[in-house]
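Engineer:
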Amino acid sequence: MKYEKGYRTSYNTIAYHEIQVVANALKPGGKHFMDIMNADYAKGHFPCQLWDAGEKCLTLSKFEWDEATQTMLYGQTDYPYGEPFCKPVIEEGNPTRLYGVAEIDMIMQARGMMVKDCFSDFFGARFDTQKSIQLMVFSCKQS
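Counting from 1 along the sequence shown, just add 211 to a position and that's the residue number in our numbering.
#1: Return the CA-CA distance between E278 and K254, expressed in angstroms with no decimal places.
#2: What residues are listed by DSSP as bridge partners for A264?
#3: Go ahead and pull the three-state DSSP assignment for K242.
#4: Apply the 10 Å Cβ neighbour rule to W262 and answer buried if 16 or more other Cβ atoms are within range, or exposed otherwise.
#5: Measuring only the C-alpha atoms, how far is D316 from C297?
#6: Quick one: Cα of R291 to Cα of G265, how far?
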């Protein structure tokens with residue numbers, strides 16, 4: 212993937228100010244649940260390329276990791292079924308800031324929130340820092 216130096220990082224769904232908004236909105240004991248990508252997984256598994264056979268096309272996704280900024284670079288190209296297949300070209304990536312459990316815990320504590328548990332899916336599967344791409348965080352507002 213081609214990336215320009217100094218690209219602007221788009222913050223994941225848990226930008227610091229958004230967590231502050233949640234913390235301000237909750238009463239003591241109020242609960243919060245969020246679903247983000249796990250930075251610790253990205254560190255150990257990116258760069259990588261994945262193919263996905265969808266209903267209407269074949270998709271090639273490419274993931275890279277910028278350790279200095281804790282940023283995942285993601286790009287993809289689609290190949291509609293029935294059309295000629297060309298060499299994959301992924302010109303740009305979508306930079307997204309990722310967070311690991313330790314950083315989420317610090318962010319939450321600084322805003323009067325306490326991480327109660329982490330899961331790897333909506334069914335409550337056990338979270339593994341190195342093996343779970345999905346980080347689902349259950350937290351409560353402290354009194």
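Ideal Cβ positions, reconstructed from N, Cα and C, are used throughout, including at glycine.
Quick caveat: nothing in here was measured; it's all calculated off a predicted structure.
Structural biologist: So, from the data block:
#1: 7 angstroms
#2: L269
#3: strand
#4: exposed
#5: 45 angstroms
#6: Residue identity differs from the one stated: residue 291 is Pro in this sequence, not Arg. For the pair P291 and G265, the Cα-to-Cα distance works out to about 9 angstroms.
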